[in-house]
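> Would you mind keeping the following structure in view while I ask a few things?
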Amino acid sequence: MFLTVIYVAVGVLGVCALAALALILRSKDAFSRAVVSDLVFYTLIGLYVLWSMTHDTQIAYDVLLLVAIIGGVLPTMSAARIISKGRR
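See below:
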């Protein structure tokens with residue numbers, strides 16, 4: 074039962090990632106692309122969490138902590154640079 078839930082969640086996240094990638098290709102402005110690329114990034118983090126639930130690994134939580142820290146700072150900085158058009 075647990076594996077069924079994991080597989081369904083992987084399928085849902087996969088569909089969401091593909092839809093977000095299609096939206097990146099269709100979008101015209103850079104800010105929308107940056108926001109949707111963050112969505113793809115967080116979707117891939119979710120896929121990694123689901124993968125780590127079904128596979129034995131010793132570094133899964135360390136990777137997730139590092140990705141969460143980096144994933145919280147870099148998207149904010151990139152969105153700020155896009156809004157300010159590169160001015161510091």
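Be aware that the sequence shown starts at 74, since it is given in the numbering used here, and climbs by one per residue. Note that the Cβ used here is the ideal one computed from N, Cα and C, for glycine as well.
Do you know whose CA, among Ser157, Ala153, Ile118 and Leu123, lies nearest Val78's CA?
Ranking the options by Cα distance to Val78, first place goes to Leu123.
> From Ile143, Arg99, Gly84 and Lys158, pick the residue whose C-alpha is nearest to that of Phe114; which is it?
Ranking the options by Cα distance to Phe114, first place goes to Ile143.
> Please state whether the Cβ-Cβ distance between Phe104 and Ile156 is less than 8 Å.
Cβ atoms of Phe104 and Ile156: closer than 8 Å.
> Going along the chain, which residues of its own chain have a beta-carbon closer than 7 Å to the beta-carbon of Leu96, five neighbours each way excluded?
Taken in chain order, the residues that qualify are Val109.
> How close, in whole Å, do the beta carbons of Ala107 and Ser151 come, if the pair is a contact with beta carbons under 8 Å?
Contact holds; Cβ gap of about 6 Å.
> Mind checking which residues open and close the alpha helix (DSSP H) that includes Ser151?
From DSSP, the alpha helix (DSSP H) with Ser151 extends over Ala133 to Ile156.
> For Ile118, tell me which candidate among Arg160, Leu139 and Gly159 has the shortest Cα-Cα distance.
It is Leu139 whose Cα lies nearest to the Cα of Ile118.
> Rounded C-beta distance between Asp102 and Pro148? I'm assuming under 8 Å.
No, Asp102 and Pro148 are not in contact; Cβ-Cβ is about 16 Å, not under 8 Å.
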